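Following: one structure in structure tokens, then a few remarks.
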Amino acid sequence: MRPSRSSAWIFAILGPPIGGIATLWLAGAAPWTLPLLLATLAPAYVLGLGPALLVASLDTWLMRQGVKPAGRLLAAAFGGAACALALLAPLYAAGLVRGLYPLSLCLIAAGSSLLCLIVVLLVRRPSH
Numbered sequence: 176m177r178p179s180r181s182s183a184w185i186f187a188i189l190g191p192p193i194g195g196i197a198t199l200w201l202a203g204a205a206p207w208t209l210p211l212l213l214a215t216l217a218p219a220y221v222l223g224l225g226p227a228l229l230v231a232s233l234d235t236w237l238m239r240q241g242v243k244p245a246g247r248l249l250a251a252a253f254g255g256a257a258c259a260l261a262l263l264a265p266l267y268a269a270g271l272v273r274g275l276y277p278l279s280l281c282l283i284a285a286g287s288s289l290l291c292l293i294v295v296l297l298v299r300r301p302s303h
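Residue 303, in the working numbering, is where the sequence shown stops; the numbers in between run on with no holes.
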């Protein structure tokens, strides 16, 4: 199932930078400078573009199935968290990461997915 173009573009353009900025905030990075924000974009897109497009595909499928926006928001949050967990699982299995702090990536991905879907819903809102 291919995502609709507008939703895929919104998720692809907004998702990774939102996740990168949220990661900087959660890590306590300071001061926020333009070079720091720009340096965050490359890893954010490497890690976040695939999951963003997967969540966009899930949302498109749910929309075509007639799922209401509240259900789509819930699915986007869980889909984003599941994608982040799928990225982290091999790292935990290999012993490359430990503890609970890396699991905050699941919350970041869920929040990023929610914000992207809110933008999609606002863009597609019927005008009266």
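Using N, Cα and C, we set each Cβ at its ideal position, and we do this for glycine too.
Predicted model only: the values in this text are computed from it and were never measured.
Practice item. Assign Gly-190 to one of two classes, buried (16 or more other C-beta atoms within 10 Å of its C-beta) or exposed (fewer than that). Key: buried
Check your understanding: What residues in its chain sit with their C-beta under 7 Å from that of Pro-244, if we drop five residues either side in the sequence?
Key -> The residues Leu-296, in chain order, have a CB closer than 7 Å to that of Pro-244 in the same chain once the five nearest residues on each side in sequence are set aside.
Review point. Quick one: Cα of Asp-234 to Cα of Ile-193, how far?
Key: 18 Å
Exercise for review: Throw me the rounded Cβ distance for the Ala-120 and Ala-285 pair, which I believe falls under 8 Å.
Suggested key: A question about residue 120 goes unanswered here, because the residues of the chain that appear run from 176 up to 303.
Exercise for review: Kindly indicate which three-state DSSP category Ala-197 falls into: helix, strand or coil?
Suggested key: The answer is helix: DSSP assigns Ala-197 an H, G or I state.
Point to revise | DSSP-derived helix/strand/coil call for Leu-275 | key: In the structure shown, Leu-275 sits in coil (DSSP, three-state: anything other than H, G, I, E or B).
Review point. Which first and last residues belong to the alpha helix (DSSP H) in which Gly-255 is found?
Key: Looking at the DSSP string, the run of the alpha helix (DSSP H) that includes Gly-255 is 244 to 268.
Review point. How long is the line joining the alpha carbons of Leu-289 and Ala-252, rounded to whole angstroms?
Key: Going from the Cα of Leu-289 to the Cα of Ala-252 covers about 6 Å.
Check your understanding: Considering Gly-225, what are the terminal residues of the alpha helix (DSSP H) in which it resides?
Key -> 209 to 239
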